[in-house]
Structure formats: structure tokens, C-alpha cells
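Right, one structure below, let's go through it.
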Amino acid sequence: MNAHAQTAPSTARTALVIHGGAGFVPKETLSAADEKDYRDTLNRALDAGNAVLQKGGAAIDAVEAAILVMEESPRFNAGKGAVFNAKGGHELDASIMEGHTRRAGAVAGVTTVRNPIKLARAVMERSPHVMLAGAGAEAFADTQKDIERVPNTWFDTPMRRKQLEEAQKKEAAQKAAVIQGDDGNVRRYLGTVGAVALDKAGHIAAGTSTGGMTNKRWGRVGDSPIIGAGTWADERCGVSGTGWGEFYIRANAARDICARVEYTNVPLQKAAEEVINKIIPAMGGDGGAIALDRDGNIALPFNSGSMFRGWIRPDGSRGVAIHED
Numbered sequence: 002m003n004a005h006a007q008t009a010p011s012t013a014r015t016a017l018v019i020h021g022g023a024g025f026v027p028k029e030t031l032s033a034a035d036e037k038d039y040r041d042t043l044n045r046a047l048d049a050g051n052a053v054l055q056k057g058g059a060a061i062d063a064v065e066a067a068i069l070v071m072e073e074s075p076r077f078n079a080g081k082g083a084v085f086n087a088k089g090g091h092e093l094d095a096s097i098m099e100g101h102t103r104r105a106g107a108v109a110g111v112t113t114v115r116n117p118i119k120l121a122r123a124v125m126e127r128s129p130h131v132m133l134a135g136a137g138a139e140a141f142a143d144t145q146k147d148i149e150r151v152p153n154t155w156f157d158t159p160m161r162r163k164q165l166e167e168a169q170k171k172e173a174a175q176k177a178a179v180i181q182g183d184d185g186n187v188r189r190y191l192g193t194v195g196a197v198a199l200d201k202a203g204h205i206a207a208g209t210s211t212g213g214m215t216n217k218r219w220g221r222v223g224d225s226p227i228i229g230a231g232t233w234a235d236e237r238c239g240v241s242g243t244g245w246g247e248f249y250i251r252a253n254a255a256r257d258i259c260a261r262v263e264y265t266n267v268p269l270q271k272a273a274e275e276v277i278n279k280i281i282p283a284m285g286g287d288g289g290a291i292a293l294d295r296d297g298n299i300a301l302p303f304n305s306g307s308m309f310r311g312w313i314r315p316d317g318s319r320g321v322a323i324h325e326d
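In short: position in the sequence shown from 1, add 1, done, that's this note's numbering.
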């Protein structure tokens, strides 16, 4: 047993927290049917992850199970619902980390992998590396018989096509040289899915998956596949971020939250609020995060108007939410 594993307390309690992306989604833009579908999908993701935990499974298995449900949904900007890049294609990113061992795996810019979170885990467990990108990640996927491949057009959805068209029209009208967000606004739906789990052994894992930013160029990579920026787990704390990736990278946001818990012993909620709602906005960014500590405390800060999220606490209480209420 390594030093990290020795510090994890033994517990029969489990907890799970998930997100389906932060951003600005006005209530009036969601029909009752759409809202129900979002909430149903979040609940299915919670059920999938919790089923693993209740059977005594590992936190990393629960994280993967929960994220897979969201990757398969066209509602979220990950997997099937991935946004379009400027060329009309899709480039997907994902990462996963196991806290008590500090093992991690990530992929960036993959185009034919149906479930990037699976490939990220394969990088962690079956390669000597942490991150693989682009053609290299695809070549590694070629060696993994259990990684399902699809044509890039499989990720096409009408909603994402409309978002690309709107972003490009707005960009042309403004003659802007910047990449627009999902709806072309400063405060925008940022997408991304993630999960953090605590298992019965007291171990924590975290993972994040995304289609990136609508209309992105030049092989842009955000925070989601970067360990420490969009995903982090150690023996005390786990985080998955969702927001304007450039700022999360610059702030090393996910690791910073857990470092504050580790170094200053502040409560998880305070650490998460400080990073997400003070440091990131002060730099010019926005978004949210989900965080979980080894005592089962959960934090879900966001400053973007809404964040699709769900949780199951150690006492079994659960919920899903979209807006600030």
C-alpha cells in the first residue's frame, strides 16, 4: 500500500456528485419537456454511478459509469452531444484521475472515439503516459479493442449545428477575430460533463469529458483533459470543472481547490467558492465546478447563471438542479 492509500480513512459511506455543464441557460428557454429530459438524464447518470458504489465498487468505476450516461446523451456537450468546431467537425477531450494512487489519464482532440472517458481511462491503465492527443490518441485507440469507434458525423446533432451557424453568423457580423461561445454571448452555455465519487474504501476519483467550445479553431484544447485544471483527485478531495477553459488552465482551478483543503485545512465549500467565484471571475472567466471530500462533503459553486448538476450525499439524500434555486 502506498503512502497516499494509507491516509485514506476506511468508511462505509459513499457519495457522488455530477455536472452536465455550467453556463447561462435562461429558464424561459427551456421547455417543460426539455427540462424533464435534462433532469431524467442527470438522474440516470446518478443511478449508474451509485449502483457501482452501493455494490462496493471503486470510485473510478462509478465516475466512468456516470459520465458514460451523459456522453451518450445528445443534451450535453460531450460524446454524442459534442459541439462543432469551425470546420464543421468534432474534437473531443476527456480526463480521469484516481485520488489515492494519483494515477491519471487524458485524451485531447479525438474524433472517432464514441466515449472519450473510456479512452482516457485506457491511457491511464494501459499506457505509460498521462495524456495523448490528436492522431496519437487515435492510434492508441486502434490498439484498444474495447474502445468503440464511430464516424465523426455520428456526433452531429441539429441543436449543435444551429449553435455553430449562429456563432459563425455573429462572428461574421462583428468581424470578430475571437472564437465565440456556444450562443455567441459573453455568458454562454459552456457544456462539459463530469463526476466525482467517494467509495466505501474512502477513495475518491474524478473525471471530465467535453466537446470543447463551439466554433473552436487551431486544435484548441481547454481545461477538461488537463490534470489539475479541469480534473483533479487526491486522497482528500476531488474536483471536476466546467467553465471557460482558458481561465481554468491559468488558475489550475481543480488542483487549487484541493490544495487549499490540503494545505490550509479550510472546508471544501470555502475552498471551492474562493477559486470558482473569486479567482476565476477576477481573471475574466466564468463557470462552475463540482467538488467532494473524503468526509462526503459536497460543493457545487458556479457563477454563470446555471449549472446542470446532481448529487447523492452519504446519508442517501439526492437531488438534481439546473438554475440557482
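All residues carry an ideal CB built from backbone N, CA and C; glycine is no exception.
Other residues of its chain near residue i: CB distance less than 6 Å, five sequence neighbours each side excluded
i, result
"E325", "none"
"G306", "F25"
"A13", "K201"
"D184", "Bear in mind that a pLDDT of 39 at D184, under 50, signals an unreliable position, so the model cannot answer this."
"N51", "L17, I313"
Residues bridged to residue i (per DSSP)
i, result
"E241", "It should be pointed out that residue 241 corresponds to Ser in this sequence rather than to Glu. Answer is T232, I291."
"L199", "A16, I205"
"M98", "A105, A207"
"V111", "L93"
"V194", "S210"
"A23", "M308"
"R319", "I313"
Same chain, Cβ closer than 8 Å to residue i, neighbours up to 5 away in sequence not counted
i, result
"V131", "A105, G106, A107, V124, M125, I228"
"E36", "I323"
Nearest residue (CA-CA) to residue i, options the options
i, options, result
"W155", "R103, F85, E274, R319", "F85"
"R295", "D235, P75, T193", "D235"
"R162", "A95, G82, A206, G137", "G82"
"K146", "P27, K119, L54, A33", "K119"
"P302", "D316, R319, S241, Y264", "S241"
"V151", "P117, L133, A174", "P117"
"G22", "K170, S225, L54, D62", "S225"
"A196", "A49, I280, R251", "A49"
"G311", "M71, N298, L47, D38", "L47"
"L93", "K271, G239, T209", "T209"
"C238", "M214, A206, R221", "A206"
"I97", "F309, A67, A174", "A67"
"N298", "C259, T102, K171", "C259"
"A95", "N78, I281, R319", "N78"
"L54", "G231, K279, S74, A16", "A16"
Residue i, buried or exposed, once every other Cβ within 10 Å from all chains shown has been counted against 16
i, result
"W233", "buried"
"P129", "exposed"
"G182", "In this prediction, G182 has a pLDDT of 42, which is less than 50 and means its spatial position is unreliable; what the coordinates show is noted afterwards. Buried: at least 16 other Cβ atoms inside 10 Å."
"E149", "exposed"
"K217", "buried"
"G285", "exposed"
"S32", "exposed"
"A112", "Note that residue 112 is Thr in the sequence shown here, rather than Ala. Buried."
"A178", "Low local confidence applies: a pLDDT of 42 at A178 is under 50, so the model's placement there is unreliable, with the coordinate-based value given in what follows. Exposed is the call here."
"Y39", "buried"
Own chain, CB closer than 7 Å to residue i, minus 5 neighbours either side, in chain order
i, result
"R188", "Low confidence applies here, because R188 scores a pLDDT of 42, under 50, leaving its location unreliable and the question unanswered by this model."
"R251", "M284"
Note to self: Extract the residue ranges of the beta strand (DSSP E) inside the segment 114-165, only unbroken runs of 3 or more that lie entirely within it.
What the structure shows: 132-134
Margin query: Quick check for students: name the residue ranges of the beta strand (DSSP E) that lie wholly in the segment 254-299, counting only runs of 3 or more.
Written below: 288-294
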